[in-house]
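Chains as they are written, first to last, in this note's numbering: chain S, 1 to 600; chain P, 601 to 1050. C-beta atoms are modelled at their ideal positions from N, C-alpha and C, and glycine is treated no differently. Fair warning: this is a prediction, and the values are worked out from it, not measured in the lab.
In C-alpha cells:
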C-alpha cells in the first residue's frame, strides 16, 4: 500500500516469537492463514518455509472442513519474519517500549516510549498480546511479564483507561518445555507429517520471486524444500498417578486457589480443569511437539498448568516416556488486560478514540492466526483512514476473518476468543482452497497484491467458471458429467482438457459441482441477508429516544451501536419488530434532511 | 437506498369467522404468483372471480382477487388481494399455500412499514407507523409468549435442547479432529435423531387448535355394521361439495373426507363396523377403527333405530363423552324398534341418511361441539400458527434429511448443515438461537483442549 510506517517493539529479537506451541493452522485457523495469504499477508509463506511438520486435518471429510496445520521451527519462523520486516520498503523498525499514547482533541496523534522519545503518526495500531499488565503465575509464584523471560507493558493501560477505553482481564496458560534427549520415545506413538504436505500460501498464483524473498538464493540457502524433511510429533497419555498428583495439589494451583481473576479459555483447559471437570475420563492425550530443527526443546501439548514447579516436575515424571524428562521451562498461567472488543468499529478503529486501531489479544482473541488476521485488517484500515478511503470490511459470508471481526464487534467475548468452523454460518463456502477467490475483490480494491498475482487469480477464477459450466452442461456416456459426479458414479475419465488444468482449478471446480445443492442453499441465505447489511445506520441516532422501540432493545443497540441493519439484527435480544422500527426511522431520516425525525 | 423486498403474505382482515376475509401478498414475486395460482396474467386494478387452487392443484375456495401493480398499491409494491370466504380453515389453507409458494409470513405491521418505506405515506406518519409496528408486535409477542410459556414453550425448549445436543456431538468431530474424543457413535446419533424427529412430529400434531384448523377436526363415524355410516358420510360430503378434498387413500384402508360444518372443517373418517363378535375377516377392520377412535377429536355414533340398541366396547366407550360425541339415530324414516334412550349423556340427533332428514340439525350439533374445541384466540394468532406449523415442518424435513445422510455415511459437515437449517427453523418460533449455544454444549460434554 506504500504507507510510511513505524513498528515499535519492546524487543526486536522477539518479533513473531510464538509464546505457545510453534504450530500454525488447524481447524478454521488453517483457513484463516490462507485468507491472510489471499490478502497479501506474510503468515502463510513464513509457515511454508519454516514448517517442520505438515498435516491436513479432517482429510476424510469434505473440503469445506479440511484444514492445513503445520508445526514450525520456532526460531526460524521468528527470524525469517524479522528479516522480512527489515527488507520491507517504507517500514522502519525500532526497539522501544510504548508507555503511553498522546492525544489531541479526542484523537490519538502518537505515543510515548520508555526512552523518552515521542513518535507522532496519523494513525496508531496497538497490538499488546499478553503483555498488557501481564502477570505470570507458577503456583503461588508471580512474575510480571507477558511471556517467560519477557517484560510487562505496565503503563499503557492507564493511558487507555484515561482515553475512556474500558479494560478487563483474561487468562491463558502454557505447558512445560522439556529436553528432547531426556524423553524415552520407546513405546510412544509416533505422529508423522503428511507425505504430500498441504502448504498454506497460494503458490499457484504467487510471483516466483515472492516465495524466497528473504532467502536470497532460494532453496539452497534454506537447506530444504518447503514441506520436506519433516519431523514427527509423539503421543503419550497421563496416568492415574498424574491424576493423583494434580488432585492432591489442587489447592496450590494459582487457578484453584483464587490467585487468578482473569477468565481462561474453555477449549484450552489446564490439566487441573481436565481432571476436575471430566473426572470420568481415565486419561488425557498429550502431544510431544518439537520446537525446531536446531533445538532439542519439546512442547508438551495438553499439559497446560499453573501448579507450583515442584509439583510440575512430579507430574511430568508420572507420564510414560517422560519419567526422566528434564524441564527447560515451567508451565505457567498468564493474566493480561484486554479491551472488550464491542468498543470498536468493524474497521478495528476504536469508537472512543479516533485514529486508534486495536488488533490481536487486546481485543480478547487467542491464537496467532486470529491476531495476524486482525493485524492485517487494522493495518489496511489505518492506511485507508489516513487517505480518507472507506475501510475494508470483510463480511461474514466472505470468510472466517469476517466472522471473527463481526463476532468481536457485535457480540464481544468473555473468554479468549478462538475461531471454530462451527462459528461460521456459511462454513461450506469457506473451503481453504477458495480463499483467494472469495477475497479477490478486497485485494483488488485495497491494492493488497501485485498486479501480476491479481491477474493470475482472475485467470484461475475464469478457468474454474469455464470448467464448472462445461461439466454442468456436457454429456458423456450415461448422462451429464455433473450429475454423474453428484451421484458418485464411477467416471471413466473426465475431459482431457480439464485434467490438464492445475490441481487448484480441478479441486475447486469439482468441489463446486459436487456440493452444488448445498452451496446454492448457502448462497440463497446470504442473498437474503445482504440487503439489510447494505442499510447503514446513521451514527447520530439516539436509540433511547426512539418512540415504540422496546427498552431492552434500545439499550442493547445503544451499547453496541451497529453500523448497519444486518449487524443490528444479529444482536441478541433485538427482535424483528425493533429492526422494522429502525428501518422506518432511517427511511424518514433519509427522506427529510431538513426535518429530522423525533429521534434523529 | 433500497430496502429489502421479499414477498410477504398475511391475513389483512380481523381474525375469526366473518363473511369475507382478505389475504394480502406484497412484493416482487406477486405477479408471477398470481399467474401461477389463477392461470393468467392479471390486469391491474380489476376485480376478478376465480377458483383458488393450491400448489397441488386442489380446489380451496372460489375467491375474488385484485392485482395492483407497483407503485399504485397500498404498499407501493406489486400487491395481490384475495377475498375468500371468511372461514379460518380456508384462510389457513390459502396462507399456507402462499408460504409453500415462497412467500414469507408478514411480520407485525409490515405492510404499513413497506407503505412508508416506498413513499406511500407522508413523512409525518413515520411515528404512527412505528407505533403501529410496536403495538402489533407487542400483541403478537404477547400471544406467542403465552404459548411459549405454556406447553408449546416446554416442548420447544426440549426440541431445541435435544437438537443442540446432537449438533454438539456432530460438530465436536468436525472442529476437534485431533482430540482424544471417544469413537463417534453414529448409531446413537441416529437414535437421538429418531427421537427428536418423532417429538417434532408430535408437536406439529399437538399444536391442537392449529391442527384442527389446518387438517380439520378428526371426526370418526362409529357404529355397528350396516348402521348407515357410509351413507351418512356420503350425505355429509354431498351436502358440502364445494370443499371436498379427498386425501389420497394409498396408506389407509378406510375412507377419509374433508367437509365443512359451519365455520369448521371436519376430517370425516368412516370405520369398519364395531361387531363385538367379529369374524376373522372383520377383525383387522375393527382393530383399525379402534386405532382411529383413539386419535379422534369428535365421534358420530351411528345407531340403527330399526335394530336393538348396541353396546359399545369398553375401550371405545372410555373415549366418548358429552363433549366429543353425538349419538346419531339413523333410519328415522323407518319404524323404530329401539327407544332413543342411551345409558350415556350424549346429545342425540335423529336423521335419515337416506332422505337427508335431520341433517341440518346434525350439522348444527357438530358445530356446537366443534366450537368447544376452539381455545381463546387473540389477534394474529392465526398468523403465528401458520408460521409455527411452517417452521416445525421445515425443521422436521431437515432432520429427516440429516438422518438419511448420516445413515448413508455422508460426510458430517453436510449432516451438520441440515441440522443447522433445522435449528434455524425452530429459532423462528422460539427466537434466534446463537451459535455459541452449540459450543457451550460441546465444551461441557467433551473434554476438549490440548
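Worksheet entry | For residue 127 of chain S, three-class secondary structure by DSSP | coil
Worksheet entry | Listed by chain order, chain P residues near residue 548 of chain S by CB distance under 7 Å | 730, 731, 733 and 734
Worksheet item: Secondary structure at residue 189 of chain S, three-state DSSP: helix, strand or coil?
Response: strand
Practice prompt. Could you check what DSSP says for residue 849 of chain P in three-state terms: helix, strand or coil?
Written response: Its pLDDT being 29, under 50, residue 849 of chain P is placed unreliably in this model, and the coordinates cannot settle the point.
Item to complete: Reducing DSSP to helix, strand and coil, say where residue 647 of chain P ends up.
Response: strand
Worksheet item: Quick one: is residue 1025 of chain P near chain S, going by C-beta distance under 8 Å?
Response: no
Practice prompt. Name, please, each residue of chain P whose Cβ falls closer than 8 Å to the Cβ of residue 585 of chain S.
Written response: 726 and 730
Fill in: residue 20 of chain S: contacting residues in chain P (beta-carbon distance under 7 Å)
Ordered by position in chain P, no residue passes the 7 Å Cβ test against residue 20 of chain S, which lies about 10 Å from the chain.
Item to complete: Can you tell me which of P:821, P:1036, P:988 and P:1035 puts its alpha carbon nearest to the alpha carbon of residue 1025 of chain P?
Response: P:988
Worksheet item: Exposed or buried, what is residue 82 of chain S when buried is set at 16 or more other beta-carbons lying within 10 Å of its beta-carbon?
Response: buried
Worksheet item: Between the stretch 629 to 643 of chain P and chain S, which residues of the former have CB atoms less than 8 Å from a CB of the latter, in chain order?
Response: none
Worksheet item: Going along the chain, which residues of its own chain have a beta-carbon closer than 6 Å to the beta-carbon of residue 63 of chain S, five neighbours each way excluded?
Response: 431 and 511
Worksheet item: alpha helix (DSSP H) containing residue 1046 of chain P: first to last residue?
Response: Counting along the chain, residue 1046 of chain P falls outside any alpha helix (DSSP H), and DSSP gives it neither H nor E.
Worksheet item: Given that residue 580 of chain S touches chain P, what residues does it touch there, using C-beta distances under 7 Å?
Response: 707, 709, 710, 713 and 733
Worksheet item: Checking contacts by CB at 8 Å: is residue 269 of chain S closer than that to chain P?
Response: yes
Item to complete: Can you say whether residue 558 of chain S is buried or exposed, counting buried as having 16 or more other CB atoms within 10 angstroms of its CB?
Response: exposed
Worksheet item: Around the Cβ of residue 536 of chain S, are there at least 16 other Cβ atoms within 10 angstroms (buried) or fewer (exposed)?
Response: exposed
Item to complete: Kindly list, in the order they appear in chain P, the residues whose Cβ is closer than 9 Å to that of residue 431 of chain S.
Response: Residues of chain P passing the Cβ test: none, with the nearest at roughly 10 Å.
Worksheet entry | Assigned secondary structure, residue 174 of chain S (DSSP; H/G/I helix, E/B strand, else coil) | strand
Worksheet item: Between residue 763 of chain P and residue 1019 of chain P, what straight-line distance do the alpha-carbon atoms span, to the nearest angstrom?
Response: 8 Å
Discussion item. Quick test of the definition: if touching needs 3 or more C-beta pairs under 8 Å, does the stretch 91 to 100 of chain S touch the stretch 17 to 24 of chain S?
Written reply: no
Item to complete: Just mark residue 37 of chain S as buried or exposed, buried being the case when its beta carbon has 16 or more other beta carbons within 10 Å.
Response: buried
Discussion item. Does the stretch 404 to 424 of chain S come into contact with the stretch 362 to 369 of chain S, if we say contact requires no fewer than three beta-carbon pairs (one atom in each stretch) closer than 8 Å?
Written reply: yes
Worksheet entry | Cα-Cα separation between residue 684 of chain P and residue 637 of chain P, rounded to whole angstroms | 14 Å
Discussion item. For residue 943 of chain P and residue 911 of chain P, I'd like the C-alpha separation in whole angstroms.
Written reply: 10 Å
Discussion item. Does chain S have any CB closer than 8 Å to the CB of residue 716 of chain P?
Written reply: yes
Discussion item. Count Cβ pairs between the stretch 463 to 471 of chain S and the stretch 166 to 177 of chain S that sit closer than 8 Å; are there 3 or more?
Written reply: no
Discussion item. Between residue 866 of chain P and chain S, is any beta-carbon pair separated by less than 8 Å?
Written reply: no
Fill in: Under the three-state DSSP convention, the category residue 374 of chain S falls into
helix
Worksheet item: Between the Cα of residue 821 of chain P and the Cα atoms of P:622, P:920 and P:934, which residue gives the shortest distance?
Response: P:920
Practice prompt. Measure from the alpha carbon of residue 199 of chain S to the alpha carbon of each residue in S:373, S:26 and S:270, then state which is nearest.
Written response: S:26
Practice prompt. Starting from residue 354 of chain S, follow its DSSP beta bridges and name the residues at the other end.
Written response: S:107
Worksheet item: Can you tell me the Cα-Cα spacing of residue 476 of chain S and residue 493 of chain S, whole angstroms?
Response: 10 Å
Worksheet entry | Residue-chain proximity (residue 421 of chain S, chain P), Cβ-Cβ < 8 Å | yes
Item to complete: Using 10 angstroms around the beta-carbon of residue 624 of chain P, count the other beta-carbons present and answer buried if the total reaches 16, otherwise exposed.
Response: buried
Practice prompt. Have a look at S:429, S:572, S:584 and S:589 and flag the residue whose alpha-carbon is nearest the alpha-carbon of residue 523 of chain S.
Written response: S:429
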